[in-house]
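K.L.:
Pasting a structure here, questions to come.
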Amino acid sequence: MAGVYMAFYCFENSARDLIKERLKERVGTEWWKKSVASKIREKVKTRKNKDSKNKWHAPRALDEISYMDFGDMADIICSQWEHFQDLFPSQDWVRTRIGDLEQSRNAIAHNNVLSERDINRIKMYLDDWVKQVG
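Under full-length UniProt numbering, residues 1 to 134 are what the sequence shown spells out, in order.
Below you can see the structure in the form of structure tokens.
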């Protein structure tokens, strides 16, 4: 499971970076306010506020994108499709990959063991993603 966890760690952070950098480049420094749905922004704001009250623990990160749910990445990419359509074959491709990966990611995050079939799917999807976005 350690290898799968590390693969998710790398994928999730690189996908968040891709979204952040692409939108910052195309929309500008106010990309978070202009491009992310208010529902996601409110959820992130609540999480950041909770983190700020627990001063005994280091915060997750400085930027908002680190506080959103894994599945929110698909929502952002698809709602801002004009900025991502050159990277992916379709919105359905993005939603399917992230949706399926989210199931496995959440299982791992909650200390569950995945089947060999699930692990193979993860490897295939992560390989697909890397080949697609470079």
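Beta carbons are placed, not taken as given, at the ideal position from N, Cα and C, and that holds for glycine.
Got a sec? Which residues, its chain only, sit under 8 Å from residue 144 by beta carbon, not counting five neighbours each side?
P.N.:
Shown here, the chain extends from 1 to 134; a query on residue 144 therefore has no answer.
K.L.:
Let me know if Trp81 comes out buried or exposed under the rule of 16 or more other beta-carbons within 10 Å of its beta-carbon.
P.N.:
Along the sequence shown, read from residue 1 onward, the residue named residue 81 stands at position 81. Exposed is the call here.
K.L.:
Determine the closest residue to Arg95 out of Ala74, Asn106, Phe88, with distance taken between C-alpha atoms.
P.N.:
One-based indexing of the sequence shown puts residue 95 at position 95. Nearest C-alpha to Arg95: Ala74.
K.L.:
Pick from Gly134, Gln132, Lys131, Met124: whose alpha carbon is nearest that of Val4?
P.N.:
As a working note, residue 4 is residue 4 in the sequence shown. Of Gly134, Gln132, Lys131, Met124, the residue nearest in Cα terms is Met124.
K.L.:
Taking the alpha-carbon positions, what's the Lys24 to Lys33 distance?
P.N.:
Within the sequence shown, residue 24 is the residue found at index 24, counting from 1. Within the sequence shown, residue 33 is the residue found at index 33, counting from 1. Cα to Cα, the separation comes out at about 11 Å.
K.L.:
How would you label Met6, buried or exposed, when you count the other beta carbons within 10 angstroms and need 16 or more for buried?
P.N.:
Within the sequence shown, the letter at position 6 stands for residue 6. With fewer than 16 Cβ atoms within 10 Å of its Cβ, Met6 is classed as exposed.
K.L.:
Count the other CB atoms within 10 Å of the CB of Ser104; is the residue buried (16 or more) or exposed (fewer)?
P.N.:
Taking the sequence shown and counting its residues from 1, one reaches residue 104 at position 104. Answer is buried; the Cβ neighbour count reaches 16.
K.L.:
Thinking Gly71 and Ile108 are a contact (beta carbons under 8 Å), I'd like their distance in whole angstroms, please.
P.N.:
In the sequence shown, counting from the first residue as 1, residue 71 sits at position 71. In the sequence shown, counting from the first residue as 1, residue 108 sits at position 108. Wrong, their Cβ atoms sit about 15 Å apart, outside the cutoff.
K.L.:
Output the distance between the C-alpha atoms of Asn49 and Leu101, rounded to the nearest integer angstrom.
P.N.:
The sequence position of residue 49 within the sequence shown is 49, counting from 1. The sequence position of residue 101 within the sequence shown is 101, counting from 1. Near 28 Å, if we compare the C-alpha coordinates of Leu101 and Asn49.
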